[in-house]
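Numbering that gives the first Met the number 0 applies: residue 0 is where the sequence shown begins, and numbers increase by one. Single-structure report; data block below.
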Amino acid sequence: MTLTRPAIDVRIHDTHIGIWQDNARDETFRTEVFGPLIKAMKSRGWIVRADPDIMKQHWCLSPSHRIASRGNLRAGIRISGRVVEIDYWAETWPLDNCNGQRHDFRKLARMDYLDRLRFRLEVTRITAWLQTIAPVTIKEDEPAGLTAIERIQRRYAESWHTDKDLGRPISKYSYNHTSRDGQKIEHGATVWFIDRKGRIGRGTAYYNLNNMWWLVCGKDEMSNLSTGEIFCQQPSDLRTKRNERQRRARLEGELASAVRRMDFRRAETLKNILFGSAPTFLIWAKDHGAYYRANYSGYTTDTIAAGRYTRAEAEAEVRRVPHELEAIGPDGERIKFARAA
Numbered sequence: 000m001t002l003t004r005p006a007i008d009v010r011i012h013d014t015h016i017g018i019w020q021d022n023a024r025d026e027t028f029r030t031e032v033f034g035p036l037i038k039a040m041k042s043r044g045w046i047v048r049a050d051p052d053i054m055k056q057h058w059c060l061s062p063s064h065r066i067a068s069r070g071n072l073r074a075g076i077r078i079s080g081r082v083v084e085i086d087y088w089a090e091t092w093p094l095d096n097c098n099g100q101r102h103d104f105r106k107l108a109r110m111d112y113l114d115r116l117r118f119r120l121e122v123t124r125i126t127a128w129l130q131t132i133a134p135v136t137i138k139e140d141e142p143a144g145l146t147a148i149e150r151i152q153r154r155y156a157e158s159w160h161t162d163k164d165l166g167r168p169i170s171k172y173s174y175n176h177t178s179r180d181g182q183k184i185e186h187g188a189t190v191w192f193i194d195r196k197g198r199i200g201r202g203t204a205y206y207n208l209n210n211m212w213w214l215v216c217g218k219d220e221m222s223n224l225s226t227g228e229i230f231c232q233q234p235s236d237l238r239t240k241r242n243e244r245q246r247r248a249r250l251e252g253e254l255a256s257a258v259r260r261m262d263f264r265r266a267e268t269l270k271n272i273l274f275g276s277a278p279t280f281l282i283w284a285k286d287h288g289a290y291y292r293a294n295y296s297g298y299t300t301d302t303i304a305a306g307r308y309t310r311a312e313a314e315a316e317v318r319r320v321p322h323e324l325e326a327i328g329p330d331g332e333r334i335k336f337a338r339a340a
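Shown next as structure tokens:
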């Protein structure tokens, strides 16, 4: 087989695929890699279109950006200089980032099992096709088949923060090893944690960096969690989900959707579920010129999408930084609370 293109590096990180070549001025990179890649995805059932955000904000860059969808999977494809990048995600897991699942970390771990398999199949198909047109070097984060403990040991070996005597990093400050229930997290100890669905899980803690810890569950499953998500003592009532933030964000999103389509009966029902008969307030951030979103997470200039807060919640937040925040009452009045003594 005659290979027609210069060498290509394929770099894979989580659900990101980067297709790299040396020459950033090679105009054939677009016609022989970017274009055929999109055509091949379409032939496999992907719906590919222009990225609407790029069209709206940077229309001159639109020819270099595409959005694709197939089943639950989504993909963003772009070309820039000497790299074609593909990022995959799904919209099936609870919303963590106010900008959408596309911007979450650890997207592969959040995907459903079948979607992970579909992503792996896409990687195989793309690399197999590239190998028909150029010499290809594949660089993945980790070799396939490693157990969770082996992956952690590999990262310890590569880390600059590893203590040479212990062979792992050390937590030197209490705020880096104090759990949610106020206990000291010990390296190698059994701990409990809140998973992404709000369930309580159990695993073994291994120190990572700063206030982050690896949690190993079974042979292969591994999570990277902060101290605020870890319990040293077994929480009571293990069957109860700790998903208050996700629940509230979801219900507030449903409330905003009902208001937009003028379904005010449903909006009233959702508002009563969230807040009962209590009046709700918005929080205005003067430095951003925007409202808080739900759960104090993110900003928006859209009053419908803005987060709703009880008077106590709004007052506590505004008192925290009264020179930057204002509460806006149900009738639109702006309320300034002095800093708490």
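Just so it is clear, CB atoms sit at the ideal spot from N, CA and C, and this is done for glycine as well.
Rounded straight-line distance, which links the Cα of T131 to that of A74: C-alpha separation (whole angstroms): 23 Å.
Three-state secondary structure (DSSP) of A340: Below a pLDDT of 50, predicted positions are generally treated as unreliable, and A340, at 45, falls in that range; the measurement from the model is reported next regardless. Reduced to three states, the DSSP call for A340 is coil.
contact_flag[the region 221-233, the region 187-198] where n(CB pairs < 8 Å) is 3 or more: Judged by Cβ distances under 8 Å, the region 221-233 makes contact with the region 187-198, as three or more pairs qualify.
Buried or exposed (CB count within 10 angstroms, at least 16 for buried), A311: Counting other Cβ atoms within 10 Å of its Cβ, A311 stays below 16 and is therefore classed as exposed.
Beta-carbon spacing of I282, L214 below 9 Å: Taking 9 Å as the Cβ cut-off, I282 and L214 do not qualify as a contacting pair.
Other residues of its chain near I76: CB distance less than 6 Å, five sequence neighbours each side excluded: Answer for I76: R65 and I85, listed in chain order.
A127 classed as buried or exposed, judged by whether at least 16 other C-beta atoms fall within 10 angstroms: A127 should be labelled exposed.
A340 to R333 span [Cα, whole Å]: Unreliable placement is indicated for A340, whose pLDDT of 45 sits below 50; the coordinate value is still reported in the next sentence. Approximately 21 Å, taken between the alpha carbons.
The region 98-110 touching the region 153-172, judged by at least three CB pairs closer than 8 Å: Taking 8 Å as the limit for Cβ pairs, the verdict is that the region 153-172 does not touch the region 98-110.
Terminal residues of the beta strand (DSSP E) in which F192 lies: From DSSP, the beta strand (DSSP E) with F192 extends over T189 to I193.
K138 and I11 closer than 9 Å at C-beta: Yes, the Cβ-Cβ distance between K138 and I11 is below 9 Å.
Three or more C-beta pairs below 8 Å linking the region 37-45 and the region 14-24: Output reads no: the region 14-24 does not touch the region 37-45.
Which listed residue (I199, R167 and S256) has its alpha carbon closest to that of Y206: Cα-wise, what sits closest to Y206 is R167.
Sequence-distant residues of the same chain with beta carbon closer than 7 Å to R29, five excluded per side: Apart from sequence neighbours up to five positions away, the residues of its chain that approach R29 with a beta-carbon distance below 7 Å are I78, ordered along the chain.
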